[in-house]
């Protein structure tokens, strides 16, 4: 029984030492933050820092290979050449620059084109639409206009109306003519005109002195029927719109511009318009009205333009391409639109510094046109900038600038022994899911580890499961435990029923009580 307890004690001690070694190894090889790593030696500038996927800057490897998309990884170098070590500067080999298709542009002082391009729709000129209303109640005996969109000529008959009110007004006028009272005649005539009685019919009545039971009304202008609401026999009342006649001699075009372009649009500016159905033909117009409010949903501003249409080639609801011609602005520092990387809170441009060196910088932008963007701060005239493949370059450069990740040292050159880990606290580390059997600790040397101050009784091993540990090859007799003191260890709760010690080679004679 005494031998069995001794064997159990030695196995428990061995397991405890193994667990402590595993914890120490795990903590020893944990990844360090950048502050710890800076104590090492910085990678040589002649060797790549790492390899990265051309289409995914987050995919990095420490050796050449291929990305998940099957593309060759590209090498990224530190930038210490020519004494330029400013944060954010990266260097790429000429071969990689060519493979990425990097194109270079230049920041230049030039006049910015402030023309506003948009699209719009042709509409009737609302100022030249005639709305036809009866001023008396009655019945339409005949409607001469049969369909909406029908062309109308000035003086053309529109409808014939029977109205008792018009009959009475005619009788009053004839009576005044017969009485030859000038004031009475004028009053009766004014009443007929107020009831919209045709002037031509008044002249006829003045000559014939015969009252008409039905009166024909005529078109006041040329145009087309925009609205029609009358049929034969229909009863009408004053104020009811029977039809409207729209003129096509002049049309409106309504368009929308973005909120940022509102300062570039004002009344009186010239406008150039093109339509797809007549390629090569242009119409010149003018901005007639700028609406005072923005559309709440689209955040756009409506603009109304006026165009001459004597040929009547412009039809309502046609789709039009619009250029609002603005005065050329003063000279400004311009870069190509594709050179600017727009993000939520900043805008960036990738500078080409020469010899394969690139750097991403913040810029403040101003006005834009079709091909250029005004740069207010961040660049100078003549600066070389990247206009293609800039997203990868910006990603690498901004990471270097913001996080200084290009200063990663090589693990092989790091002096682990000089690192102070005295204040490292691993008490909160969860190693429940660690695969301890897969850890190779065959070459670990613990001969220099000082465990004299380790408080073994404070180590809680109540939940440790050593059922999967293979100790068949442990050479227990080779372990020197002559100075080990286990007098303080409480093993009253130890369950040794599941422990297999059949293969143990430990010599119990060497264990001291």
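Residue numbers (the numbering used here): 310 to 822.
Just so you know, even glycine gets a beta-carbon here, dropped at the ideal spot from N, CA and C.
- Listed as beta-bridge partners of residue 612 by DSSP are 564 and 599.
- Using a Cβ distance threshold of 8 Å, residue 504 and residue 478 count as a contacting pair.
- Rounded to the nearest angstrom, the Cβ distance from residue 582 to residue 630 is 7 Å, consistent with a contact under 8 Å.
- Of all alpha-carbon atoms in 647, 468 and 382, the one lying nearest the alpha-carbon of residue 538 is that of 468.
- With fewer than 16 other Cβ atoms inside 10 Å of its own Cβ, residue 593 counts as exposed.
- The DSSP-derived three-state label of residue 470 is strand.
- Note that the C-beta distance between residue 554 and residue 532 is below 8 Å.
- In the structure shown, residue 536 falls within a strand segment according to DSSP collapsed to helix, strand and coil.
- Taking a cut-off of 8 Å on C-beta distances, the region 556-566 touches the region 425-442, as three or more cross pairs fall below it.
- DSSP places residue 530 outside both helix and strand once states are collapsed to three, so it counts as coil.
- Between residue 443 and residue 529, the C-beta gap is not smaller than 8 Å, which leaves the two residues out of contact.
- The bridge partners DSSP lists for residue 500 come to none.
- Judged by their CB atoms, residue 613 and residue 632 are not nearer to each other than the 8 Å cut-off.
- Bridge partners of residue 617 according to DSSP: 559.
- A distance below 8 Å between beta-carbons, with the five flanking residues on each side excluded, links residue 576 to the following residues of its chain, in chain order: 596, 597, 598 and 599.
- Residue 655 places its beta carbon less than 8 Å from that of residue 671.
- Closest in alpha carbon position to residue 580, among 487, 516, 425 and 439, is 425.
- Looking at the backbone, the Cα of residue 446 and that of residue 453 are separated by about 19 Å.
- With contacts defined as CB atoms closer than 8 Å, residue 660 and residue 693 qualify as a contacting pair.
- Assignment of residue 482 by DSSP, reduced to helix, strand and coil, places it in the helix class.
- The residues 534 and 537, in chain order, have a CB closer than 6 Å to that of residue 457 in the same chain once the five nearest residues on each side in sequence are set aside.
- Annotated three-state conformation of residue 693 is strand, per DSSP.
- Counting along the chain, residue 648 sits inside no alpha helix (DSSP H), nor does DSSP assign it H or E at all.
- Per DSSP, reduced to three states, the secondary structure at residue 579 is strand.
- Our two residues, residue 498 and residue 506, have alpha carbons roughly 9 Å apart in a direct line.
- Exposed is the label assigned to residue 590, since fewer than 16 other Cβ atoms lie within 10 Å of its Cβ.
- DSSP, read as helix, strand or coil, puts residue 459 in coil.
- When the alpha-carbon of residue 647 is set against those of 618, 679 and 449, the nearest one is in 679.
- Residue 366 and residue 570 have their C-alpha atoms roughly 35 Å apart.
- Only residues of its own chain outside the window of five on either side were considered, and among them 381 and 382 have a CB closer than 7 Å to the CB of residue 375, listed in chain order.
- In this structure, residue 483 lies away from residue 502, with their beta-carbon atoms at least 8 Å apart.
- Residue 545 places its beta carbon 8 Å or farther from that of residue 609.
- Linking residue 540 to residue 677 through their CA atoms gives a straight-line distance of about 56 Å.
- With fewer than 16 other Cβ atoms from the protein chains shown falling within 10 Å of its own Cβ, residue 652 counts as exposed.
- Membership of residue 633 in any alpha helix (DSSP H) is not indicated; the residue belongs instead to the beta strand (DSSP E) covering 628-634.
- The residue among 417, 362 and 616 with its C-alpha nearest the C-alpha of residue 405 is 362.
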